[in-house]
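Taken in order, these protein sequences are the chains called A and B.
Our numbering applies: residue 392 is where the first sequence begins, and numbers increase by one.
Our numbering applies: residue 1040 is where the second sequence begins, and numbers increase by one.
Data block below; observations after.
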Amino acid sequence: MSNHHTTPGDHRAKTTELQREIDDIYAVQLDHVTKDFGGGVLGLDDVNLGFRTGRVTVLLGLSGSGKSTLLRHINGLHAPTSGTVRVLGQDVNSVGKRGLRELRRNIGVIFQSFNLVGPMSVLENVCAGQLGSLKGPRISLMMYPKSVRREAIEKLDRVGLADRAYQRADTLSGGQQQRVAIARALMQRPTVLLADEPVASLDPVSALDVINLLRQIAEEDNLTVIASLHQVQLAIEFADRIIGLRGGQAVLDRSTAGLSAEEASTIYSSVSGMDLAEAGPSPAAKDQPAAGSVRTPLSSGLTR
Amino acid sequence: MSTLTQASPENREVPARPRPAGSSIAATIVMIALVAGGVWSVGSLGIDVATIVDSFDNAVNFFARMVPLDFPPVAETLSLVFETLAIVFLATLLSVALSLPVALAAARPTRWGVTSQWVARGLTVLARAVPDLVLAIIFLRMFGLGATAGIIAMGIHSVGMIAKLYADAIEELDAGPRESVESLGGTRAQQIMAALPQTLMPQLIATALHRFDINLRTSVLLGYVGVGGIGLAIADSLRTLDYQRGMALAVLVLLLCIGIELVSGTIRAGLMRSAGQTITGGTWVDRLFNAGRESGVNDLHLTPPWSAARFKRFLSVALIVVFTVAALWRVDVSWSALLQGILELPQTLALFFPPSAGGSMSSLFEQLLVTVQISLAASLIGAVLAIPIGILAARNAVANASVHQTFRVIIVIVRGIPELILAIIFVVISGLGEVAGTLALSIGAIGLLSKLIADSLEETDTQVQEAMRATGASQAQVFFSATLRQAAPAFVAHTMYLLDNNIRSATLLGVVGAGGIGFLLLNASRVNQFDVVTMVLILMVAVVLAVEALSVWLRNAVR
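Next up, the structure:
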């Protein structure tokens, strides 16, 4: 693999200056990260990865391969059993409770199930994105400063939903709700954006909408994006780099630049651990188009 | 493939029936024991056809003495109703205020820590187990006669139910929105306040309204120990044997209960509807108040438009404030007495300790046994009465619409009658004692158990019934093989819930003279033997917790 990204290397041997340089290059670094959920279940198995600042990376893998676990380590929702996670130059697990909250302000997260508060208005949901920088709890829209409300409207405008500001969030369609969730993440003015299966609950057309929006925002704001996805085609369109996970290990790591359709078709088998030729036409295998005959529902939109 | 298909029919072995699991054997034994206990209780309480025929004469006699009903003048009636409603409103409001922090501490996603979670859960169980009547006796001693003691007693006791339901609601909630606030660096308080209140609001209000209904019934009982309102007026009338006035007031309570239940039912149904509401806006309210307002980035208001939903929210809050002020004004809470009572808490508590049997521990145990007998007998009689009524009221058990509708109406009416009123009537009809309590609780069971049974029959999977009908089974065959079989575990669970409920009620109905340990409780408080009150309380709580534990275990075992 020509474009294999080297891992940050052995932590102990590094001088602080070298570390600082590495921090500048890599917004997110995982160094020998292992997560043992107990009972012999390894969520992550000695993962070494560096995510370059300003790049879009997609994690591919089956359910249970460790995609979500990896993402949750980056913003400290999980702590590794061993190894270190560095984000924006800080060790996620040694910054303390307050430090972690400050770090999380810089990390936007998009969830598969949107995680909006359904009965709350769209605008208030977006305003909630600022909570990390505000003191104290808020129980109504009017408790947010006017400047925050103004900014929230602007972010909503950016995702194309400003006219829905005062509607209940649960009255929107799935694709619209995910765009509201993106606007909420933008309220943090993040430098890193994590997306855990952001389109898995959406129909193909809305999925493409959301992916295009994320790509556009990533470019405009120069965000470091790490997203987990199921669809290989979508991943190739969206990402600069694809990492395949299986059983908590990174089994594939390559750039999407100059990736041929032929090579793309091998990605799924290497990620799923299944040889397509031997496995025969399983439903999963059918999703993987052979070279030259791209027929996924998304392909028409993707190849435009 | 399998050996069964290859073997010839004659040497095919029928697999031996697996031995039933230990827990299901134990459950069967316990159920048989409970039924036997019920039969024994019915016998030993002297409830038989002769007693019931005897009391029929008394009933005729009684009805002759209660008519014509003597309603108090309108102004006095309204004043009594207003006072009762004010007490119940403030008590429910107080319990909601107390329940919120307890529920947050008791629910797994919002708890402070494991210790606080267990403390909070312990508090809810304790609050549920200590009857509001006993709390009222304590608080009447502390704060003097009047509404204050009743409000605080019901307010604290209700925490047992409200905090538990609130904590359950928090735990059932989708963790996603709260986690998203955690991910963006929000503090714990921010996570809770941003994600919980709006989502839970309909459930919080519905639970509070439900408790309001229950507290309204309890408030009548508390009248017997000196808390104001209609209950006190009933107790006074009956003490002077003024049945015409007493029964008129009882009818008033009945009407009030039904009226309030209708109102709260309507509000609850409305809340549930609005919880799943689609797009808001577009009503005449929106058009009237937001004319000419631009939407989107050009909207310079940055405030929510005055939609119908926002008006409703605003009005609800305003109404609660108005009610609170009006209720506080009506019951005239004496803040100095409150402060005085709290300052004298150590002295008051000293009166209640150490617990004492008041001379005869054996008579306490005797009456405790009577209470257990009342609840066992009432549950058995109640189940025998309620199961057929429940089946007849189920839409899918009785094809004839007019039959099941009639029985539904009967259930609704019986549910509306507070058990206390039934107990008062039966005390007059069949004399002071345990027969009155048993009959009152048995009738009350029709309201509680038949509804649960009808509901659980109607909730059974209709596809199973269709499959059986498709094989050509008759109506009766379908009912016994499919419908009843599916609902059977629910029957057991509901009957255990009835027993659980009856043991609590049986301890309290003694206060009006319906037998059991409640009567000793009232006597002890009248003659200021507060150490005996404590002893009775300990025995009651022990029995209530034991029955509850048994009921929880059995409900899980038959599931």
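Here a beta-carbon is modelled for each residue, glycine too, at the ideal position from N, C-alpha and C.
Bear in mind the structure is a predicted one, so any value in this text is a computation, not a measurement.
- Within the same chain, Phe1178 come within 6 Å of Ile1191 of chain B by CB-CB distance, once the 5 residues on both sides are set aside.
- Within the DSSP bridge table, the entry for Tyr417 of chain A names A:Arg443 as partners.
- Take the alpha-carbon of Lys526 of chain A and the one of Ala1233 of chain B: they are about 13 Å apart.
- Contiguous alpha helix (DSSP H) elements confined to the stretch 1095-1180 of chain B occur at 1113-1145, 1153-1168, taking only those with 4 or more residues.
- Within chain B, the residues Thr1226, Ala1228, Gln1229, Met1232 have their CB atoms less than 9 Å from the CB of Gly527 of chain A, given in chain order.
- Cβ atoms of Lys537 of chain A and Val517 of chain A stay farther apart than 8 Å, at about 14 Å.
- Here DSSP, grouped into helix, strand and coil, assigns Ser1346 of chain B to coil.
- The three-state reading of DSSP puts Leu625 of chain A in helix, counting H, G and I together.
- Counting only the Cα atoms, Arg1056 of chain B lies some 37 Å from Ala1417 of chain B.
- Counting only Cβ-Cβ distances below 9 Å, Gly565 of chain A has no contacts in chain B at all, with the closest Cβ about 14 Å away.
- Per the coordinates, the alpha-carbon of Pro510 of chain A lies some 6 Å from the alpha-carbon of Asp561 of chain A.
- In its chain, beyond the 5 residues on either side, Phe1128 have a beta carbon closer than 7 Å to the beta carbon of Phe1362 of chain B.
- When the five nearest sequence neighbours on each side are left out, the beta carbons in the same chain lying within less than 6 Å of the beta carbon of Ile1430 of chain B are those of Ala1436, in order along the chain.
- The C-beta distance from Gly1076 of chain B to Leu1415 of chain B rounds to 5 Å, short enough to fall under 8 Å.
- In summary, no residue of the stretch 1375-1408 of chain B has a CB separated from any CB of chain A by less than 8 Å.
- Residue environment for Lys458 of chain A: buried (at least 16 other C-beta atoms within 10 angstroms of its C-beta).
- Just so you know, the alpha carbons of Thr1501 of chain B and Arg1180 of chain B end up roughly 56 Å apart.
- Here Asn1541 of chain B is buried, its C-beta having at least 16 other C-beta atoms within 10 Å.
- What Gln579 of chain A touches in chain B, judged by beta-carbon distance under 8 Å, is Leu1223, Gly1224, going in chain order.
- At a cut-off of 7 Å between beta-carbon atoms, Gly467 of chain A makes no contact with chain B.
- DSSP links Ile1231 of chain B through a beta bridge to no other residue.
- Interface with chain A (7 Å Cβ-Cβ cutoff): Gly1183 of chain B is excluded.
- Contact between Gly638 of chain A and Ser473 of chain A fails: their C-beta atoms lie close to 17 Å from each other, not under 8 Å.
- If the five residues before and after Leu1578 of chain B are omitted, its C-beta is found closer than 6 Å to the C-beta atoms of Leu1407, all from its own chain and listed in chain order.
- The C-beta of Tyr557 of chain A comes closer than 7 Å to at least one C-beta of chain B.
- For Leu643 of chain A, the enclosing beta strand (DSSP E) begins and ends at 640-646.
- Under the three-pair Cβ rule at 8 Å, the stretch 1485-1500 of chain B counts as touching the stretch 1524-1531 of chain B.
- Not one beta carbon of chain A lies nearer than 7 Å to the beta carbon of Val1360 of chain B.
- Nearest to Ile1556 of chain B by alpha-carbon distance, out of B:Ser1441, B:Ser1481, B:Ile1464, B:Leu1403, is B:Leu1403.
- Using a Cβ distance threshold of 7 Å, Gly1194 of chain B and Ala1145 of chain B do not count as a contacting pair.
- With respect to chain B, the C-beta atom of Ala574 of chain A has no partner C-beta closer than 7 Å.
- DSSP, read as helix, strand or coil, puts Gln481 of chain A in strand.
- Of the candidates B:Ser1138, B:Ala1208, B:Gln1229, B:Gln1229 places its Cα closest to the Cα of Met534 of chain A.
- Within the stretch 1283-1311 of chain B, no residue places its CB atom closer than 9 Å to a CB of chain A.
- For Gly635 of chain A, the enclosing beta strand (DSSP E) stretches over residues 632-637.
- Per DSSP, Ser619 of chain A lies in no alpha helix (DSSP H) segment; the continuous beta strand (DSSP E) that holds it begins and ends at 615-620.
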